[in-house]
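Trainee: There's a structure below that I have some questions on.
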Amino acid sequence: MSGTFSSIRSQALTLEKQTEGLLGRYSRYQDDNQATSDEEEVTLRHQITDILNRREEVLQKLQRVTDPEINSLSTSKLQQMQRHKEVLADHQRSFRKIETAIADERNRNNLLFSVRSDIDAHKQRTTNVGKSGDAAANDYILEEGVRVDNANSFADRLLQQAYQTRDELYSQRAYLSNAQSRMMSTVQSIPGINVLVSRINTRRRRDTLILATVIAVCILMLVFL
């Protein structure tokens with residue numbers, strides 16, 4: 563079982579490294595000014611989706627290997643399996659966040675392009691017929707609309723970053739809770755550790771009591787002598 567566990571875990575590690583590389587390439591599209599996805603981006607997105615699905619299958623295999631001997635399985639292997647699950651969940655969240663960020667940025671750029679096109683078209687029409695006071699007022703209104711849209715887009719990005727930060731904090735808190743649980747499980751699994759901790763606490767209380775008694779005697783001697 564150990565050899566099978568090691569071989570499957572090796573596959574999981576390889577796929578994790580490949581996923582990190584693909585996510586790094588995909589994240590660069592957040593700063594791209596393309597209006598739509600090109601062929602390379604679509605292919606990259608499909609590759610990430612495929613490798614995430616393959617990793618889920620590998621973890622299922624790892625689970626099937628460990629289930630028959632779960633009681634005799636070492637703590638380190640259980641921790642390794644749990645860590646692979648956590649890394650997969652982190653990569654899935656990162657993929658969704660990058661997808662959302664790319665879509666939001668393109669929607670904003672497309673909206674700004676549409677508004678600017680309307681302004682340019684309107685200016686062209688008013689230039690042909692001679693610019694009047696009403697035309698100037700309309701230009702001002704359209705330009706104000708662009709500024710309002712920019713402000714709204716900025717506020718939307720701030721809210722999105724706040725939500726992402728909140729999700730990261732929740733994820734870190736869950737990870738710390740899992741780490742604490744594993745630590746407590748490891749401590750409890752070591753024979754005699756609870757007895758040793760109890761003896762240490764008892765000796766500490768005894769030393770504290772002795773120290774308090776000595777201090778009290780010294781104070782009494784200073785008062786009455």
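Taken in order, the sequence shown gives residues 563 to 787; the numbers are from my numbering.
Cβ atoms here follow ideal geometry from the backbone N, Cα and C, with glycine treated the same way.
1) Taking C-beta to C-beta, are residue 580 and residue 613 nearer than 9 Å?
2) Is it right to say residue 780 is buried, meaning 16 or more other beta carbons lie within 10 angstroms of its own, or is it exposed?
3) Who are the Cβ neighbours of residue 648 in its own chain at under 7 Å, not counting the five residues just before and after it?
4) Can you check which of these residues, 667, 657, 567, is closest to residue 608 by C-alpha distance?
5) Alpha helix (DSSP H) containing residue 611: first to last residue?
6) For residue 564, which residues from the same chain have a beta carbon less than 8 Å from its beta carbon, with the 5 sequence-adjacent residues on both sides left out?
7) For residue 610, which residues of its own chain have a beta-carbon under 8 Å away from its beta-carbon, when the five flanking residues on both sides are left out?
8) Indicate the three-state DSSP secondary structure (helix, strand or coil) for residue 641 in the structure shown.
9) With 16 other CB atoms within 10 Å as the buried threshold, where does residue 591 fall?
10) For the stretch 661-677 against the stretch 702-716, are there 3 or more C-beta pairs whose distance is under 8 Å?
11) Going straight from the alpha carbon of residue 727 to that of residue 776, what length do you get?
12) Kindly indicate which residue of 571, 602, 652 has the alpha-carbon position closest to the one of residue 622.
13) Would a C-beta distance cut-off of 9 Å place residue 617 and residue 640 closer than the cut-off?
14) By Cβ distance below 6 Å, which residues in the same chain neighbour residue 786 in space, the five residues on each side in sequence not counted?
15) Between the alpha carbons of residue 763 and residue 731, how many angstroms are there, rounded?
16) In whole angstroms, what separates the C-alpha of residue 706 from that of residue 734?
17) Assuming residue 620 contacts residue 573 under a Cβ cut-off of 8 Å, what Cβ separation, rounded to an integer in Å, is found between them?
18) What is the rounded straight-line gap between the Cα of residue 809 and the Cα of residue 739?
Mentor: Inspection of the coordinates gives the following:
1) Yes, the Cβ-Cβ distance between residue 580 and residue 613 is below 9 Å.
2) exposed
3) 737
4) 657
5) Counting along the chain, the alpha helix (DSSP H) containing residue 611 begins and ends at 601-628.
6) For residue 564, the predicted structure reports a pLDDT of 46, less than 50, and the residue's modelled location is therefore unreliable. The matter cannot be settled from this model.
7) 581, 584, 585, 588, 657
8) helix
9) buried
10) Three or more pairs of CB atoms, one per stretch, sit closer than 8 Å, so the stretch 661-677 contacts the stretch 702-716.
11) So the two alpha carbons sit approximately 54 Å from each other.
12) 571
13) no
14) none
15) Using only the alpha carbons, I get a separation of about 35 Å.
16) 42 Å
17) 5 Å
18) The structure shown does not extend to residue 809, since the chain is modelled only from 563 to 787, so the question has no answer here.
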